[in-house]
Each structure stands twice: as C-alpha cells, then as structure tokens.
Amino acid sequence: MTTTRLPLFPLNTVLFPGLVLPLNVFEARYRAMFRDLLDLPEGEPRPFGVIAIRDGHEVAPSGLGLPDDAEPPAGAGAGFADDPMRSFFEVGCVADASTIRARQVPGEAEDSTAADEEVTGYEVLATGTSRFRLLSVDAGGPYLVGEIEQLDEEAGEGAGALASGVLRAFRKYQKALAGANERTLAPAQELPDDPSVVSYLVAAATMLHTADKQRLLQAADTATRLADELRLLRQETALISKLPSVPGAEYTIRPTSLN
Numbered sequence: 114m115t116t117t118r119l120p121l122f123p124l125n126t127v128l129f130p131g132l133v134l135p136l137n138v139f140e141a142r143y144r145a146m147f148r149d150l151l152d153l154p155e156g157e158p159r160p161f162g163v164i165a166i167r168d169g170h171e172v173a174p175s176g177l178g179l180p181d182d183a184e185p186p187a188g189a190g191a192g193f194a195d196d197p198m199r200s201f202f203e204v205g206c207v208a209d210a211s212t213i214r215a216r217q218v219p220g221e222a223e224d225s226t227a228a229d230e231e232v233t234g235y236e237v238l239a240t241g242t243s244r245f246r247l248l249s250v251d252a253g254g255p256y257l258v259g260e261i262e263q264l265d266e267e268a269g270e271g272a273g274a275l276a277s278g279v280l281r282a283f284r285k286y287q288k289a290l291a292g293a294n295e296r297t298l299a300p301a302q303e304l305p306d307d308p309s310v311v312s313y314l315v316a317a318a319t320m321l322h323t324a325d326k327q328r329l330l331q332a333a334d335t336a337t338r339l340a341d342e343l344r345l346l347r348q349e350t351a352l353i354s355k356l357p358s359v360p361g362a363e364y365t366i367r368p369t370s371l372n
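First residue of the sequence shown? That's 114 in the working numbering, and the numbers climb one at a time after it.
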C-alpha cells in the first residue's frame, strides 16, 4: 500500500472528483496552509485534501468573524476531537488549487509575494481530482496533515446502463424540484457519457444530507454509486411530488465555504 501526506481542509460538505470548490480562507491555520501551497513551483499541482466533518466545527470558535490581531490563533485541531480522525469521515477528495489569490490589508497593492502580516486571507478556486482514504491525522503543525491512500475508481458491472437510467431519473428529479419551487426548468444541458463522471456530477447536484453524499463518494465502484443514486433519485422525486412546495430556496447554488 502506497501512502502519502497531504494538507487537510475539513468542510461540512462533500467534494467529488471533477467538481469545482470556491473557498474564502481567513483562519490562521488555513492561511498557513495556502501560503505553503503558494510556495510550490509555478505550474505544478497544489494538492490538498478535502474531508467531510462527521462531528466538529468547520470554523474554530477562535476563528469566527474577520481576522483580529488581538485574537489568539486557532490550533491545527481546534474544533475537532483530541484525535481528529474521530471527527472526520474515512474517505475524502484530493483538490487541486488552480487559483490562490491573496487578500491584503486595505490600501496595500495586490502582490502574491506580500508579507504575511499584509495578507488577511485567500480566495481559492480548487477542483476535485481523485478520492483518498484517510489513515491518520497529524495535528502537530500549523495545520492538519493527513496520511492518505489514493483510491482507484473501478467501473463495476453494468455501469454504462446504470448511468443512462440515472440521467433519466435525474431529469425527472429536476422537473419535480422546479415544479415544487414554481420555477421554469432551464434548458437541458449536454450531459457526459462517462459513467464515473455521471455518478459524481449527479451526486454533487442532488440535494442530499452529508451522510448520503458521503456514502456515494466512498462507494466501492461506479456501478454501486449509480445504483444507489437511482434509488435515491426515485425516492426524492416521489417525495417532492407529494409536497405543495419545497422549503429552502436556492437548490442549484452551492454556497462558498466560510473558510
């Protein structure tokens, strides 16, 4: 088994391979993480691990609100269990930070090489690339670092046929959701043919609890994930059709993480 170490960014959401993740980074521990990622050679990948939180807080109590010089910095494991492994789900997604833009003290000219005291945070745009299994967590440094094992994506039996069924079920789900919210359904977009891409796209776009999304992320293979999605889509579509309206508003917009 080949393992590697990767900076960890815990979130109250699940990231899937191929999906884009915008981040607004302001806590000291994560500023340190992205500072180190910026030090990697230009043009090289800047990978970090996104792991969903099972029990804990995305933002440490000492990190709430905007940065404050008088506020003590949060430790690497602040907001999580003494053994952070207990706070996280087992499977996460490697993300590549394609864009890291520093926010600086007002009045300072933007400069990627600005001194640390001038940087108040980072605006990051990252893309999920592959799944990993979290084996251990090191909280001894300025930010959490995980020992991880990369997970291959196996197709499984009947993935192609299942993908076609999932796409049909997803379209019915979209129509039901649009009707419940009294919205006009947007014109159909061209959807991918690759079963694994379909499985991740539908998993990300369907309104599900974190635990359900996590189960889809860590499915043994693509076919298993698609079969689970088909069941969930049919179940959700039937439920929505029985409701006069769906509370909660913007279902198609994924919020930027507060951290």
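Don't be surprised by glycine CBs; every beta carbon is placed ideally from N, CA and C.
Over what stretch of residues does the beta strand (DSSP E) that includes residue i continue unbroken?
{"i": "leucine 247", "result": "232-251"}
{"i": "leucine 264", "result": "258-264"}
Tell me the rounded alpha-carbon separation between residue i and residue j.
{"i": "threonine 240", "j": "lysine 355", "result": "36 Å"}
{"i": "proline 160", "j": "leucine 264", "result": "15 Å"}
{"i": "aspartate 325", "j": "alanine 141", "result": "31 Å"}
{"i": "glycine 253", "j": "leucine 134", "result": "27 Å"}
{"i": "threonine 117", "j": "glutamate 157", "result": "17 Å"}
{"i": "aspartate 195", "j": "arginine 214", "result": "32 Å"}
{"i": "threonine 115", "j": "arginine 246", "result": "11 Å"}
{"i": "glycine 176", "j": "glutamine 217", "result": "Note that glycine 176 scores 47 on pLDDT, short of 50, meaning its location in the model is unreliable; the coordinates nonetheless yield the value given after this. Answer to the nearest angstrom: the Cα atoms are 18 Å apart."}
{"i": "glycine 271", "j": "valine 163", "result": "30 Å"}
{"i": "leucine 339", "j": "leucine 153", "result": "37 Å"}
{"i": "lysine 285", "j": "glutamine 348", "result": "11 Å"}
{"i": "alanine 191", "j": "lysine 288", "result": "42 Å"}
{"i": "leucine 352", "j": "valine 138", "result": "37 Å"}
{"i": "glutamate 267", "j": "aspartate 168", "result": "29 Å"}
{"i": "phenylalanine 193", "j": "serine 200", "result": "6 Å"}
{"i": "threonine 242", "j": "valine 310", "result": "11 Å"}
{"i": "glycine 269", "j": "threonine 335", "result": "6 Å"}
Quick one: measure Cβ to Cβ for residue i and residue j, integer angstroms, because I've assumed they're closer than 8 Å.
{"i": "proline 305", "j": "valine 250", "result": "That pair is no contact at about 34 Å."}
{"i": "valine 258", "j": "leucine 119", "result": "7 Å"}
{"i": "threonine 319", "j": "leucine 343", "result": "About 11 Å separates the two Cβ atoms, so there is no contact after all."}
Quick one, which of the options has its alpha-carbon nearest residue i's?
{"i": "alanine 165", "options": "Ala215, Gly156, Leu290 and Leu128", "result": "Leu128"}
{"i": "alanine 208", "options": "Gly188, Val237 and Gly192", "result": "Val237"}
{"i": "glycine 278", "options": "Leu247, Arg246, Asp341 and Ala291", "result": "Asp341"}
{"i": "valine 315", "options": "Arg167, Gly192 and Leu280", "result": "Leu280"}
{"i": "threonine 212", "options": "Leu150, Asp168 and Ile261", "result": "Leu150"}
{"i": "glutamate 155", "options": "His322, Gly205 and Ala210", "result": "Ala210"}
{"i": "alanine 189", "options": "Thr126, Pro130, Val204 and Leu121", "result": "Leu121"}
Per DSSP, residue i forms a beta bridge with which residues?
{"i": "alanine 165", "result": "Leu124"}
{"i": "alanine 316", "result": "Answer is none; alanine 316 lacks a bridge partner."}
{"i": "phenylalanine 201", "result": "Ile166"}
{"i": "glycine 135", "result": "The displayed chain sequence assigns proline, not glycine, to residue 135. Answer by DSSP bridge pairing, in chain order: Leu238."}
{"i": "arginine 214", "result": "Glu236"}
{"i": "valine 279", "result": "Answer is none; valine 279 lacks a bridge partner."}
In terms of residue numbering, what span does the alpha helix (DSSP H) encompassing residue i cover?
{"i": "threonine 335", "result": "335-354"}
{"i": "aspartate 325", "result": "323-330"}
{"i": "aspartate 149", "result": "141-151"}
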